[in-house]
């Protein structure tokens with residue numbers, strides 16, 4: 001009987017142990033984990049964070065064309081190093097070549113006319129001279145002598161006109177030749193071709209800037225344009241150090257050297273990989289030089305930037 | 001004397017069992033109700049708790065709970081990064097788009113857009129697939145319950161497609177994410193892709209998640225961020241509580257469960273209390289006899305206390321085991337996933353039952369102490 005009565009308390013004890021184990025096992029523990037990829041971190045005690053874009057130190061130059069026309073030859077591919085005045089691509093200038101021939105013919109024609117006028121003038125001068133050299137002036141009618149003088153003057157004027165015609169034809173030739181030169185689009189500086197969006201056979205509209213067909217820039221040194229929130233401007237230290245790391249690889253940190261600020265504070269363009277432009281706040285753009293870039297940095301890449309700064313007034 | 005008390009208790013088996021049943025079932029009912037209630041309310045903060053990579057949440061100043069957000073400026077991320085004591089800060093997007101399946105099912109989903117560069121907040125508890133596959137283009141991870149809602153009656157299978165706002169995405173993983181209060185399928189995607197799952201808005205940054213650097217507590221950092229940026233910053237625990245209390249305040253659930261809990265308390269109190277009181281009353285003769293042979297009041301007190309303790313111990317033991325079994329089985333029901341028996345509830349109810357039995361026995365005790373031995377002979 002004594003043992004029988006103890007069955008229930010013993011069973012209850014076992015039940016409690018079971019319940020305790022169940023609870024201990026099921027009650028979840030929240031363990032802090034590390035993000036899959038390490039996020040960007042600042043190395044400065046007081047910092048201003050910004051987003052920056054890598055750009056050539058010359059800024060990106062969207063090459064324009066004076067003329068409209070069909071492209072006949074593209075001399076570069078993206079990534080090529082180019083020197084100043086190197087021809088990047090050529091527009092079709094067959095029409096100009098034809099015009100050039102016309103101009104040349106016109107020069108020849110003007111020259112011929114000039115020569116024939118000269119011969120006529122020589123003849124007229126001779127006739128006037130012989131009239132004037134008569135010992136007896138009455139041998140020739142006065143009218144006849146005056147006519148010869150007028151003829152001389154007329155031919156002199158015609159000579160001047162034909163010389164002007166030569167000059168005009170030559171000027172025309174030069175114009176055509178300039179246009180032909182302008183059909184060769186050249187690089188404005190020593191740099192690198194960053195983007196080629198023009199192919200042989202494509203039509204290019206002259207003067208348009210909205211849709212750059214070819215981008216050239218000087219990528220050595222490489223610059224970074226950082227957008228600094230207007231609220232943080234007061235904390236900027238002049239010439240402060242900065243570091244930047246590429247998106248998705250925050251372990252790689254690049255040292256930046258201050259170059260200048262853009263003097264004009266502009267509305268911020270969204271840099272977050274979105275093509276739709278959205279204005280958030282105004283930002284001051286700081287230009288920094290990447291001190292030792294390597295081949296893993298590319299123009300147009302987004303970087304997380306941390307700039308050494310003054311503490312806030314509220315910071316302890 | 002203890003032995004006598006014990007024999008007295010188990011002497012009337014029917015009453016003994018009845019007493020144990022009353023205590024055991026009251027315990028079970030109370031533990032069950034309080035735990036289910038807490039589990040349910042806790043779901044309001046589960047999505048916050050599930051992000052284990054950071055412990056400070058930065059949000060728009062008037063945000064009251066997780067499910068309703070106002071977008072931040074993109075520059076706010078940079079502002080938070082500039083606060084001293086921030087180890088890192090990363091953006092996260094939360095949206096509520098509609099997901100469509102090829103066979104016409106649809107459901108509003110709670111989408112978390114994880115920062116593309118870091119995947120901070122990726123679901124670590126996976127049932128199928130790998131969260132690393134989120135790096136793939138147009139890929140999402142969905143929770144198991146969400147999958148079952150969108151593909152009813154079908155086996156879990158990776159590679160199925162969903163359409164959200166004309167974007168076709170592939171399910172690359174099925175997660176065991178902590179369930180949300182709203183029952184929406186939980187989808188994890190990358191930030192830039194999640195933006196396209198619903199119509200574009202001007203501002204699309206829902207939260208900034210931060211972690212304090214060494215030597216700074218999350219609470220301190222949250223305070224600093226609030227002070228310097230003017231945004232609202234809460235630690236994971238604070239934000240969880242804020243979300244839970246929003247639902248506590250604004251839904252009828254606490255009233256509903258509150259009534260159940262109060263009723264079970266009353267029933268437990270009355271039934272076990274009354275049974276125990278009756279038990280003592282019916283044993284008054286025995287107590288009288290004991291008094292007559294010279295047992296002191298102190299010993300009697302010990303006897304009654306021992307009896308009540310034993311009843312409590314056995315009843316609570318069985319009751320708690322019953323609750324534990326309930327919560328061991330309940331996760332197999334998908335709607336009750338991640339429901340657990342809170343240790344606070346188990347211990348609290350046990351303590352409460354001790355109080356109930358102490359009250360009941362004290363009522364009986366007064367009778368025992370006032371008892372005149374002569375009464376035995378009446």
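Chains as they are written, first to last, in my numbering: chain A, 1 to 316; chain B, 1 to 378. Glycine included, every Cβ here is placed at the ideal spot set by N, Cα and C.
#1: Going by C-alpha to C-alpha distance, which of B:11, B:165, B:2, B:93 sits closest to residue 279 (chain B)?
#2: Could you tell me whether any Cβ in chain A is nearer than 8 Å to the Cβ of residue 349 (chain B)?
#3: Determine whether the beta carbon atoms of residue 212 (chain B) and residue 86 (chain B) lie at a separation below 8 Å.
#4: Does residue 8 (chain A) have its Cβ less than 8 Å from a Cβ in chain B?
#5: Give me the Cα-Cα distance between residue 275 (chain A) and residue 72 (chain B), rounded to the nearest whole angstrom.
#6: In chain order, what residues of the same chain lie with their CB nearer than 7 Å to the CB of residue 107 (chain A), ignoring the 5 residues before and after it?
#7: Identify every residue that forms a DSSP beta bridge with residue 170 (chain B).
#8: Is the shortest distance between the beta-carbon of residue 27 (chain A) and the beta-carbons of chain E less than 8 Å?
#9: List, in chain order, every chain A residue whose beta-carbon is nearer than 7 Å to that of residue 52 (chain B).
#10: Is the shortest distance between the beta-carbon of residue 188 (chain A) and the beta-carbons of chain B less than 8 Å?
#11: In chain order, what residues of the same chain have a beta carbon less than 7 Å from the beta carbon of residue 308 (chain B), not counting five sequence neighbours either side?
#12: With 8 Å as the threshold, decide whether the Cβ of residue 300 (chain A) is near any Cβ in chain B.
#13: Give the single residue among A:269, A:295, A:183 whose Cα lies nearest to the Cα of residue 222 (chain A).
#14: Report yes or no: is there a C-beta of chain B within less than 8 Å of the C-beta of residue 36 (chain A)?
#15: Can you list, in chain order, the residues of the stretch 149-162 of chain B whose Cβ is nearer than 7 Å to any Cβ on chain A?
#16: Which of the three DSSP states, helix, strand or coil, is assigned to residue 59 (chain B)?
#17: Just confirm the distance between the C-beta atoms of residue 328 (chain B) and residue 22 (chain A), as a whole number of angstroms; I'd bet it's less than 8 Å.
#18: Taking all protein chains shown into account, do 16 or more other C-beta atoms lie within 10 angstroms of the C-beta of residue 188 (chain B), making it buried, or fewer, making it exposed?
#19: Spell out a yes or no on whether the stretch 348-356 of chain B and the stretch 29-37 of chain B are touching, meaning 3 or more CB-CB pairs, one atom from each, closer than 8 Å.
#20: For residue 234 (chain B), collect the residues of the same chain with a Cβ closer than 6 Å to its Cβ; drop the 5 residues on either side in sequence, then sort them by chain order.
#21: Please state the DSSP three-state secondary structure of residue 308 (chain A).
#22: Decide if the stretch 285-301 of chain A is in contact with the stretch 242-257 of chain A; the criterion is three or more beta carbon pairs, one per stretch, under 8 Å apart.
#23: What residues from chain B crowd round residue 193 (chain A), counting only those whose CB sits closer than 8 Å?
#24: Pull up the distance between the alpha-carbon of residue 106 (chain B) and that of residue 97 (chain B), whole angstroms please.
#25: How far does the beta strand (DSSP E) with residue 232 (chain B) in it extend, from its first residue to its last?
#26: Residue 72 (chain A): which of A:188, A:105, A:184, A:234 sits nearest, CA to CA?
#27: Would you say residue 78 (chain B) lies against chain A (beta-carbon separation less than 8 Å)?
#28: Skipping 5 residues on each side, what residues in its chain have a beta carbon closer than 8 Å to that of residue 8 (chain B)?
#29: Could you give the residue range of the alpha helix (DSSP H) that holds residue 361 (chain B)?
#30: Once you ignore the five residues that flank residue 60 (chain A) on each side, which residues in its own chain have a CB closer than 6 Å to its CB?
#31: So that I know if they touch, is there some Cβ in chain A lying closer than 8 Å to that of residue 366 (chain B)?
#32: When you compare only the Cα positions, how much space is there between residue 316 (chain A) and residue 55 (chain B)?
#33: Please list, in chain order, the chain A residues whose beta carbon lies closer than 7 Å to that of residue 317 (chain B).
#34: Give the secondary structure of residue 84 (chain B) by DSSP, where H, G and I count as helix, E and B as strand, and everything else as coil.
#35: Just to make sure I have the definition right: I need the residues of chain B whose C-beta is within less than 7 Å of the C-beta of residue 268 (chain A). Which are they?
#36: Measuring straight from C-alpha to C-alpha, what distance separates residue 189 (chain A) and residue 228 (chain A)?
Based on what the coordinates show:
#1: When only C-alpha atoms are compared, the closest one is B:11.
#2: At a cut-off of 8 Å, the C-beta of residue 349 (chain B) has no neighbouring C-beta in chain A.
#3: Contact flag set, yes.
#4: Among the residues facing chain B, residue 8 (chain A) is included, as its CB has a counterpart in that chain under 8 Å away.
#5: With a pLDDT of 46 at residue 275 (chain A), under the threshold of 50, the predicted position of this residue should be treated as unreliable, though the coordinate-derived value follows. Residue 275 (chain A) and residue 72 (chain B) have their C-alpha atoms spaced approximately 19 Å apart.
#6: Excluding residues up to 5 positions away in sequence, 166, 169, 170, 173 lie with their Cβ nearer than 7 Å to the Cβ of residue 107 (chain A) in the same chain.
#7: DSSP output for residue 170 (chain B) lists B:139, B:161 as bridge partner(s).
#8: Among the protein chains of the structure shown, namely A and B, there is no chain E.
#9: Residues of chain A whose Cβ lies closer than 7 Å to the Cβ of residue 52 (chain B) are, in chain order, 30, 31, 32, 33.
#10: Among the CB atoms of chain B, none fall inside 8 Å of the CB of residue 188 (chain A).
#11: Excluding residues within five positions, the ones whose Cβ falls inside 7 Å are 276, 357, 358, 361.
#12: Taking Cβ atoms only, chain B never reaches closer than 8 Å to residue 300 (chain A), which makes this a no.
#13: Looking only at A:269, A:295, A:183, the smallest Cα-Cα distance to residue 222 (chain A) is reached by A:295.
#14: In terms of beta-carbon proximity, residue 36 (chain A) lines the interface with chain B, with at least one pair separated by less than 8 Å.
#15: So nothing in the stretch comes that close.
#16: In this structure, residue 59 (chain B) counts as strand in the three-state DSSP scheme.
#17: Between residue 328 (chain B) and residue 22 (chain A) the beta-carbon gap is near 6 Å, inside 8 Å, which marks them as a contact.
#18: Result: buried.
#19: Touching, per the Cβ criterion.
#20: Cβ within range, chain order: 57, 222.
#21: DSSP, read as helix, strand or coil, puts residue 308 (chain A) in strand.
#22: Segments in contact, yes.
#23: Counting only Cβ-Cβ distances below 8 Å, residue 193 (chain A) has no contacts in chain B at all, with the closest Cβ about 29 Å away.
#24: When rounded, the distance between both Cα atoms is 10 Å.
#25: In the DSSP assignment, residue 232 (chain B) falls within the beta strand (DSSP E) that extends over 232-235.
#26: Minimum Cα-Cα distance from residue 72 (chain A) among the listed residues A:188, A:105, A:184, A:234 corresponds to A:184.
#27: Output row for residue 78 (chain B): interface = yes.
#28: Hits under 8 Å: 283, 286, 303, 307.
#29: For residue 361 (chain B), the enclosing alpha helix (DSSP H) covers residues 343-370.
#30: For residue 60 (chain A), where only same-chain residues beyond five positions count, the Cβ hits under 6 Å are 215, 217.
#31: Chain A contact via Cβ: absent.
#32: A caution first: residue 316 (chain A) carries a pLDDT of 47, below 50, which makes its placement in the model unreliable, though a value can still be read off. Cα to Cα, the separation comes out at about 22 Å.
#33: Going along chain A in sequence order, the residues near residue 317 (chain B) (Cβ under 7 Å) are 12, 13, 15, 16.
#34: In the three-state scheme derived from DSSP, where H, G and I count as helix and E and B as strand, residue 84 (chain B) is classed as coil.
#35: Going along chain B in sequence order, the residues near residue 268 (chain A) (Cβ under 7 Å) are 75.
#36: Residue 228 (chain A) has its alpha-carbon roughly 30 Å from the corresponding atom of residue 189 (chain A).
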